[in-house]
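Chemist: Have a look at the structure that comes next, please.
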């Protein structure tokens with residue numbers, strides 16, 4: 866097993882996000898939070914001091930918000946006009962992981978967007 870020199874946050878969508886999804890995509894009206902968060906996204910970042918846990922969520926909220934919304938912005942769906950940390954925090958929560966372990970025996974491949 867290998868350890869990466871990264872920490873991680875797993876981002877979960879909240880009821881506010883779910884309400885927006887249902888409003889923009891009526892065909893998803895039967896979705897609930899379990900459905901929406903069935904495959905949450907994980908974001909790696911430089912390891913943080915234990916006294917700073919969660920700073921990465923605040924420092925990167927714009928990028929995280931844009932990425933999380935990406936699957937749902939099509940057709941007539943539009944993101945909220947003004948994205949602030951407060952609005953971001955009402956649409957998403959996170960779980961912090963201090964250590965990231967790689968159980969794969971394969972080489973790690975990095976992809977750029």
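Residue numbers (the numbering used here): 866 to 978. Don't be surprised by glycine CBs; every beta carbon is placed ideally from N, CA and C.
1) Would you mind working out which of 866, 886, 965 sits nearest residue 956, comparing C-alpha positions?
2) List, from N- to C-terminal side, the beta strand (DSSP E) runs of 3 residues or more that fit wholly inside the segment 906-949.
3) For residue 875, which residues from the same chain have a beta carbon less than 6 Å from its beta carbon, with the 5 sequence-adjacent residues on both sides left out?
4) Answer yes or no: do residue 890 and residue 942 have a C-beta to C-beta separation smaller than 8 Å?
5) Alpha carbons only, please: which of 902, 901, 920, 903 is nearest the one belonging to residue 910?
Modeler: On the basis of the coordinates in this document:
1) 886
2) 906-911
3) Contacts found: 905, 907, 960.
4) yes
5) 920
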